Amino acid sequence: MSEDLRARLAHCGDGVVIDDDVRIERPELLRVGDNVRIGRGFHCQGDVRMTVGANVTFHPWCFVQGAGEVGVEEGVEFFPSTYISTGDAQGRIRIGRRTHFAAGCALYGKHGLTIGAYCNIAAHVVLSTVQHDPRRHPEPMALAPQDGGPITLADDVWIGANATVTPRTAVARGCIVGAGAVLTRDTEPYGVYGGVPARRLRERVPPG
0 MSEDLRARLA
10 HCGDGVVIDD
20 DVRIERPELL
30 RVGDNVRIGR
40 GFHCQGDVRM
50 TVGANVTFHP
60 WCFVQGAGEV
70 GVEEGVEFFP
80 STYISTGDAQ
90 GRIRIGRRTH
100 FAAGCALYGK
110 HGLTIGAYCN
120 IAAHVVLSTV
130 QHDPRRHPEP
140 MALAPQDGGP
150 ITLADDVWIG
160 ANATVTPRTA
170 VARGCIVGAG
180 AVLTRDTEPY
190 GVYGGVPARR
200 LRERVPPG
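Residue numbers for the sequence shown follow numbering that gives the first Met the number 0, so the first one is 0 and each next one is one higher.
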């Protein structure tokens with residue numbers, strides 16, 4: 000089965016390993032670099048156009064869906080049960096080299112999600128470019144038009160476990176967002192942020 004999937008990819012690099020029980024609905028839309036590992040239970044649903052750089056690992060049970068574009072640079076690692084959604088055909092997700100996603104992260108790219116290089120995204124972080132419109136509508140929120148905007152994480156960002164980043168937010172280079180925080184506004188470089196809603200607590204300082 001894995002050999003058949005490799006043959007159907009738009010591009011398959013050398014040393015690619017695809018475990019059993021992997022489902023890719025449109026393999027002709029997926030380009031995979033050298034030494035990529037796709038773990039068991041991986042599911043790519045819909046018309047996602049995906050480019051994966053070399054030495055990327057999808058640990059078991061990762062799920063990708065939508066009709067937009069996903070670009071993953073080399074050396075990125077997705078731990079089990081990472082959820083990646085582009086939404087419609089205009090959705091975009093870009094992930095820089097050597098970024099790490101711990102188990103259970105959720106990435107919603109409908110309005111444009113850009114994540115820099117060398118970022119550390121801890122378990123159960125939510126990066127959501129889309130949300131229910133908080134304004135009052137005649138219909139229930141579940142039926143009202145959605146609201147949203149882009150999210151950008153610069154290089155060398157650390158997002159702590161169970162934190163949420165909301166639409167229209169930019170996280171500057173070198174920032175730390177603490178565990179359980181809800182970040183609703185842009186940050187300044189090398190700041191440490193925490194709380195609900197998150198605020199700047201201090202600045203990262205060099206050792207010594």
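Note that CB positions come from ideal geometry on N, CA and C, so glycine has one too.
Computed from a predicted model, the values in this text were never measured in an experiment.
Query                                                                                                : Result
Residue range of the unbroken beta strand (DSSP E) whose run includes SER127                         : 125 to 127
Selected residue, minimal CA-CA separation from ALA116, among ASP13, GLY40, VAL125 and VAL71         : VAL71
Contact under 8 Å by Cβ, ILE114 with GLY95                                                           : yes
Neighbourhood of ALA143 by C-beta, 6 Å cutoff - its chain only, sequence neighbours within 5 removed : ASP132 and HIS136
Nearest residue (CA-CA) to ARG22, options GLN64, THR50, VAL35 and ASN34                              : GLN64
Per-residue burial, HIS58 [other beta carbons within 10 Å of its own, 16 or more giving buried]      : buried
Length at least 3, wholly inside the region 125 to 161: the beta strand (DSSP E) runs in chain order : 125 to 127, 129 to 131, 145 to 147 and 150 to 152
For ALA6, the three-state DSSP class (helix, strand or coil)                                         : helix
Alpha carbon of THR151 to alpha carbon of VAL170, nearest angstrom                                   : 6 Å
Host beta strand (DSSP E) of LEU28 (start-end)                                                       : Unbroken run through LEU28: none, as it is neither H nor E.
Whole-Å CB distance - ALA180 paired with GLY190, under 8 Å assumed                                   : Not confirmed; about 12 Å, so no contact.
Length-filtered (3 minimum) beta strand (DSSP E) runs lying within the region 41 to 116              : 42 to 45, 48 to 51, 62 to 65, 68 to 71, 82 to 84, 91 to 94, 105 to 107 and 112 to 114
Residue of ALA66, VAL51 and ALA88 minimising C-alpha distance to GLU73                               : VAL51
Alpha-carbon spacing of PRO44 relative to LEU106, whole angstroms                                    : A quick correction: the sequence has Gln, not Pro, at residue 44. The alpha-carbon atoms of GLN44 and LEU106 are separated by roughly 15 Å.
Collapsed DSSP secondary structure at ARG172 in the structure displayed                              : coil
Beta strand (DSSP E) segment containing VAL191, residue limits                                       : 190 to 193
Assigned exposure category for VAL204 - 16 Cβ within 10 Å defines buried                             : exposed
Span separating the alpha-carbon of ILE175 from that of PRO196                                       : 15 Å
Limits of the beta strand (DSSP E) - the one that GLU202 falls within                                : 198 to 202
Rounded C-alpha distance that separates THR56 from VAL31                                             : 11 Å
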